[in-house]
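Novice: Structure in structure tokens, see below.
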Amino acid sequence: MSTTPQRLVLTGGTVIDTARDTRHPAHLLIEDGRIADWLDDAALARLDAVPRIDVTGCLIAPGLIDLHAHLREPGDDAAETIASASQAAAAGGFTTVCAMPDTHPAADTPAAIEHVRQIAARARLIRIEPLGALTVGGAGTQLGELAALAEAGCVAFSDGDRPLGDPALLRNALLYATMLDRPVCLTALEPRLMRGWAMHDGVIAHRLGLPGAPDCAEEIAVARDLALAAYTGARVQLGIISTARGVALLRAARERGVPFSAATTPHHARLDDRWVLGSLGARPESGLDPTRLPPYDASTRITPPLRTPEDVAAVVAALADGTIDLLVSDHSPRTSAASEREYRLVPPGISSLETSLATALSLVHAGRLTLAGMLRCFIDGPARMLGRPAPRLQPGEPADLVAIDLDQHWIVDPQQFSSLGRHSPLRGQSLRGRAVLTLCAGRVVWRHGRGTGID
């Protein structure tokens, strides 16, 4: 639990306004969980008795919002708990995380929603927002108790990573969710084309002898879901977008004025199917190096699968032009025992709350995304999807914020993660930039090298 005092000053940072893409050097006075004032040097000198944290050289942004994380509790507490995921989120710069409902049992009753809220409240770190199951048990066959789930406090509906195959059921669900003013988060994959898959269906899959998931599985689902979004007028999030074919459909829908949001992950915008090949492939001249991994490394088994370099380039271009407006972690930890199975039998997943920001920053450092544009996908877009105003670090606003050292180089070591999930294809890679301080409601919930609290 944080021991942060009621008054606190962050000194030496630069505050970014992601909407206007402006940056202002300022000292921030935090009081009773909110931004109290922006201080100049003279005003700071008059507050010499107030505790301070020096964030000189850091960018201060609103806390990141993650719309898609699998926290595993209840049902798979050995892989993750809400408490451990909260610690991982705080370390990654997230102050709000939406808990996917595909737990065991699924979050398909008001009691299940309340259970998640109570556990999160005991952790007292970040804001955990539960999603409610779109269908009973997340099984995709019977519409869930959406009104009761909304009344219990769920912020959106989803069946997690399980695609909903019945278009008639999905249409009814979207109409119902619209009446309840809740968004629906959909997995854009045609399930019948995903049976038995191990990785992306392409040249590398054939070389490794692994069954593949074709890119048209995403294309078909995106086309259907966009049509239903236009028909129902529902607030729909399509994800996780990973293919050039899916991007092309989204871009055409944007041009037609179809309302939707689309999500991808930093790892789908940065890694490709050569990471499954690992050391059997050619070492790149610079940047992240997939040959550090052995072939068939379980950490590369991710949903949707890592696609081709051409797909990755299309996803990045879609982030740059706003076709894709959301970045999510898709944090989906698993146990070490689950990772030791034959590759095609490993449950897909990645421990990514603590690497998502740095992975996205690698695209900024490479000049492929702007800093403000990348942060909007983590902050403004998710808030808009939840029907909330975009967070701003203005006086009177909640002090949910992250201080980012844009230039700190660090080596990814999953054994040092706060998450119980220790599988990441980025292990051993050098990343540049990380969260060094995270505040939620004015409380220090993460401080790099010191955990929580202040001196």
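Basically the numbering used here = 1-based index in the sequence shown + 1365. Glycine included, C-beta positions come from ideal geometry on N, C-alpha and C.
When you compare the CB positions of residue 1478 and residue 1514, do they come within less than 9 Å of one another, or not?
Specialist: Locating residue 1478 in the sequence shown gives position 113, where the first residue counts as 1. Locating residue 1514 in the sequence shown gives position 149, where the first residue counts as 1. Yes, these two residues count as a Cβ contact at 9 Å.
Novice: What distance in whole Å lies between the Cβ atoms of residue 1402 and residue 1807, which are believed to be in contact at a cut-off of 8 Å?
Specialist: For this step, residue 1807 is matched to residue 442 along the sequence shown. For this step, residue 1402 is matched to residue 37 along the sequence shown. 13 Å between Cβ atoms; not a contact.
Novice: With DSSP as the reference, label residue 1511 as helix, strand or coil.
Specialist: Here residue 1511 refers to the residue found at position 146 of the sequence shown. In this structure, residue 1511 counts as helix in the three-state DSSP scheme.
Novice: By the 10 Å Cβ neighbour count, where 16 or more other Cβ atoms means buried, how is residue 1898 classified, buried or exposed?
Specialist: No statement about residue 1898 is possible, as the shown extent of the chain runs from 1366 to 1820 and does not include it.
Novice: State yes or no: is the beta carbon of residue 1733 nearer than 9 Å to at least one beta carbon in chain D?
Specialist: You won't find chain D in this structure, because it holds only one protein chain.
Novice: Provide the residue span of the alpha helix (DSSP H) that contains residue 1475, from first to last.
Specialist: Along the sequence shown, read from residue 1 onward, the residue named residue 1475 stands at position 110. That run of the alpha helix (DSSP H) goes 1475–1488.
Novice: Inspect the beta-carbon positions of residue 1400 and residue 1409 and report whether they are closer than 9 Å.
Specialist: Your numbering for residue 1400 matches position 35 in the sequence shown. Your numbering for residue 1409 matches position 44 in the sequence shown. Against a cut-off of 9 Å, the Cβ pair of residue 1409 and residue 1400 comes out as no contact.
Novice: In whole angstroms, what is the alpha-carbon distance linking residue 1389 and residue 1570?
Specialist: In the sequence shown, counting from the first residue as 1, residue 1389 sits at position 24. In the sequence shown, counting from the first residue as 1, residue 1570 sits at position 205. Rounded to the nearest angstrom, the two C-alpha atoms are 49 Å apart.
Novice: How about the stretch 1758–1766 and the stretch 1432–1443: do they share at least three Cβ pairs that are nearer than 8 Å?
Specialist: Because the criterion of three Cβ pairs below 8 Å is not met, the stretch 1758–1766 and the stretch 1432–1443 do not touch.
Novice: Report the option in 1751, 1643, 1664 whose CA atom is closest to the CA atom of residue 1522.
Specialist: Along the sequence shown, one-based indexing puts residue 1522 at 157. Of 1751, 1643, 1664, the residue nearest in Cα terms is 1751.
Novice: Taking Cβ positions, are residue 1800 and residue 1440 nearer each other than 9 Å?
Specialist: Working through the sequence shown from its first residue, we reach residue 1800 at position 435. Working through the sequence shown from its first residue, we reach residue 1440 at position 75. Taking 9 Å as the Cβ cut-off, residue 1800 and residue 1440 do not qualify as a contacting pair.
Novice: For residue 1840, which residues of its own chain have a beta-carbon under 7 Å away from its beta-carbon, when the five flanking residues on both sides are left out?
Specialist: Since the first residue shown for the chain is 1366 and the last is 1820, residue 1840 is missing from the structure and cannot be characterised.
Novice: For residue 1794, which of 1711, 1580, 1652, 1453 has the nearest alpha-carbon?
Specialist: Stepping through the sequence shown from its first residue, residue 1794 is reached at position 429. Among 1711, 1580, 1652, 1453, the Cα nearest to that of residue 1794 belongs to 1652.
Novice: Counting beta carbon pairs with one atom in the stretch 1636–1644 and one in the stretch 1558–1573, are three or more of them shorter than 8 Å?
Specialist: Touching, yes, given that three or more Cβ pairs across the two stretches are closer than 8 Å.
Novice: Mind listing, in chain order, the continuous beta strand (DSSP E) runs of no fewer than 3 residues lying wholly within the stretch 1424–1450?
Specialist: Segments of the beta strand (DSSP E) lying fully in the stretch 1424–1450: 1424–1427, 1429–1434.
Novice: Rounded to a whole number of angstroms, what is the C-alpha to C-alpha distance between residue 1719 and residue 1687?
Specialist: The residue given as residue 1719 occupies position 354 in the sequence shown. The residue given as residue 1687 occupies position 322 in the sequence shown. Looking at the two C-alpha atoms, the distance is approximately 25 Å.
Novice: Below 6 Å CB to CB, which residues in the same chain sit around residue 1743 once its five sequence neighbours on both sides are set aside?
Specialist: Residue mapping note: residue 1743 aligns to position 378 of the sequence shown, counting from 1. Contacts found: 1429, 1692.
Novice: To the nearest angstrom, how far is the alpha carbon of residue 1813 from that of residue 1769?
Specialist: For the purposes of this step, residue 1813 is identified with residue 448 of the sequence shown, where counting begins at 1. For the purposes of this step, residue 1769 is identified with residue 404 of the sequence shown, where counting begins at 1. Taking the straight line joining both Cα atoms gives about 10 Å.
Novice: Where do the N-terminal and C-terminal ends of the beta strand (DSSP E) with residue 1601 fall, by residue?
Specialist: Translated into the one-based positions of the sequence shown, residue 1601 becomes position 236. Unbroken beta strand (DSSP E) run through residue 1601: 1601–1604.
Novice: Using DSSP's beta-bridge definition, name the partner residues of residue 1407.
Specialist: Position 42 of the sequence shown, counted from the first residue, corresponds to residue 1407. Answer is none; residue 1407 lacks a bridge partner.
Novice: Around the Cβ of residue 1469, are there at least 16 other Cβ atoms within 10 angstroms (buried) or fewer (exposed)?
Specialist: The count along the sequence shown starts at 1 and reaches residue 1469 at position 104. Its Cβ having fewer than 16 others within 10 Å, residue 1469 is exposed.
Novice: Grab me the residues of residue 1383's own chain with a C-beta within less than 8 Å of its C-beta, minus the 5 sequence neighbours each way, in chain order.
Specialist: Mapped onto the sequence shown, residue 1383 falls at position 18. Correct list, in chain order: 1426, 1427, 1737, 1740, 1741, 1744, 1745, 1755.
Novice: Look at the Cβ atom of residue 1563, then the Cβ atom of residue 1603, and state whether they are nearer than 9 Å.
Specialist: Stepping through the sequence shown from its first residue, residue 1563 is reached at position 198. Stepping through the sequence shown from its first residue, residue 1603 is reached at position 238. Cβ distance not < 9 Å, so residue 1563 and residue 1603 don't count as in contact.
Novice: Whose C-beta lies closer than 6 Å to the C-beta of residue 1467 among residues of the same chain, with five residues either side of it excluded?
Specialist: As a first step, residue 1467 is located in the sequence shown; it is residue number 102 there, counting from the start. Excluding residues within five positions, the ones whose Cβ falls inside 6 Å are 1503, 1525.
Novice: Does the separation of the CB atoms of residue 1533 and residue 1558 fall below 9 Å?
Specialist: Here residue 1533 corresponds to residue number 168 of the sequence shown, with the count starting at 1. Here residue 1558 corresponds to residue number 193 of the sequence shown, with the count starting at 1. No; because the gap between Cβ atoms is not below 9 Å, this pair is not in contact.
Novice: Can the beta-carbon of residue 1673 be found less than 9 Å from the beta-carbon of residue 1695?
Specialist: Position 308 of the sequence shown, counted from the first residue, corresponds to residue 1673. Position 330 of the sequence shown, counted from the first residue, corresponds to residue 1695. It is not a contact, given that the beta carbons lie outside the stated cut-off.
Novice: Rounded to whole angstroms, what is the Cα-Cα separation between residue 1630 and residue 1407?
Specialist: Numbered from 1 along the sequence shown, position 265 holds the residue referred to as residue 1630. Numbered from 1 along the sequence shown, position 42 holds the residue referred to as residue 1407. Looking at the two C-alpha atoms, the distance is approximately 43 Å.
Novice: Is the CB-CB distance between residue 1551 and residue 1573 below 9 Å?
Specialist: Counted from its first residue, the sequence shown places residue 1551 at position 186. Counted from its first residue, the sequence shown places residue 1573 at position 208. Against a cut-off of 9 Å, the Cβ pair of residue 1573 and residue 1551 comes out as no contact.
Novice: Apply the 10 Å Cβ neighbour rule to residue 1385 and answer buried if 16 or more other Cβ atoms are within range, or exposed otherwise.
Specialist: In the sequence shown, residue 1385 corresponds to position 20, counting from 1. Burial call: exposed.
Novice: Whole angstroms is fine: what's the gap from residue 1556's alpha carbon to residue 1505's?
Specialist: The residue labelled residue 1556 in the question sits at position 191 within the sequence shown. The residue labelled residue 1505 in the question sits at position 140 within the sequence shown. Approximately 11 Å between the Cα atoms of the pair.
Novice: Decide if residue 1544 is buried, meaning its Cβ has at least 16 other Cβ atoms within 10 Å, or exposed.
Specialist: Numbered from its first residue, the sequence shown carries residue 1544 at position 179. Exposed, because fewer than 16 other Cβ atoms sit within 10 Å of the Cβ of residue 1544.
Novice: With respect to the alpha helix (DSSP H) encompassing residue 1704, which residues constitute its N-terminal and C-terminal limits?
Specialist: As a first step, residue 1704 is located in the sequence shown; it is residue number 339 there, counting from the start. Taken as a continuous stretch (DSSP letters only), the alpha helix (DSSP H) holding residue 1704 covers 1701–1704.
Novice: Which same chain residues, not among the five before or five after residue 1415, have their C-beta less than 6 Å away from its C-beta?
Specialist: The residue given as residue 1415 occupies position 50 in the sequence shown. If we look at residue 1415 and ignore the five residues flanking it on each side, its Cβ neighbours are 1372, 1374.
Novice: Provide the residue span of the beta strand (DSSP E) that contains residue 1626, from first to last.
Specialist: Taking the sequence shown and counting its residues from 1, one reaches residue 1626 at position 261. Its beta strand (DSSP E) spans residues 1626–1629.
Novice: Kindly indicate which three-state DSSP category residue 1519 falls into: helix, strand or coil?
Specialist: In the sequence shown, the residue the question calls residue 1519 occupies position 154. It is coil, neither helix nor strand.
Novice: I'd like the span of the beta strand (DSSP E) that includes residue 1382, first residue to last.
Specialist: As a working mapping, residue 1382 is identified with position 17 in the sequence shown. Residue 1382 -> beta strand (DSSP E) spans 1372–1382.
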